[in-house]
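Numbering of the sequence shown is given in the UniProt record's numbering, commencing with residue 1 and proceeding in unit increments.
These notes concern the structure reproduced below.
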Amino acid sequence: MSHLNPLILDVRTPTEYTTGFLPHAISIPHDLIASSPLLLSMTPEARKETRVMLYCRSGRRSRIAEEVLRGMGFERVRDLGGLEGARGVLGEKRREGKGDGEERREGPRVEIGYGE
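This is the structure we're talking about:
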């Protein structure tokens, strides 16, 4: 990923992510960012100098994730608020998935398995 391209993080739950997401967004739920700071080190694009853009459903969780990332030393973090607001900021068209002429695709996600 180029230094010009931001890292876009969808901090909603995996279930919310499957209902629609921004192109190139990586799904990392906000609570995982807070509880597992090393998680971002597994994402090659996530370096302290990387521009990071966050969104969720309403803006509450992305605001929390922004504070956590800033506390971890990320300085170029921007909270885009909710998904619809993020689409507006980034100029993305709404994607409903199958049925509107556009194939739905699975984007990258980070999943952590918990012991059973």
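Virtual Cβ for every residue (Gly too), placed ideally from N, Cα, C.
First and last residue of the uninterrupted beta strand (DSSP E) at residue i
i     : result
Arg78 : 77-82
Beta-bridge partners of residue i, as assigned by DSSP
i     : result
Val52 : Leu7, Val77
Secondary structure of residue i, DSSP reduced to three states
i     : result
Gly91 : coil
Met72 : coil
Ala46 : coil
Thr19 : coil
Arg57 : coil
Ser41 : helix
Ser36 : coil
Identity of the residue in the options nearest residue i by Cα
i     : options                    : result
Ala34 : Glu66, Gly20, Arg87, Glu75 : Glu66
Lys48 : Asp31, Ser36, Gly71, Ser62 : Gly71
Ser36 : Ala86, Val68, Ser62, Val89 : Val68
Arg12 : Leu90, Gly91, Leu80, Gly88 : Leu80
Leu83 : Arg76, Met53, Gly73, Val77 : Met53
Tyr17 : Arg76, Tyr55, Leu90        : Tyr55
Glu45 : Leu7, Ser62, Val89         : Leu7
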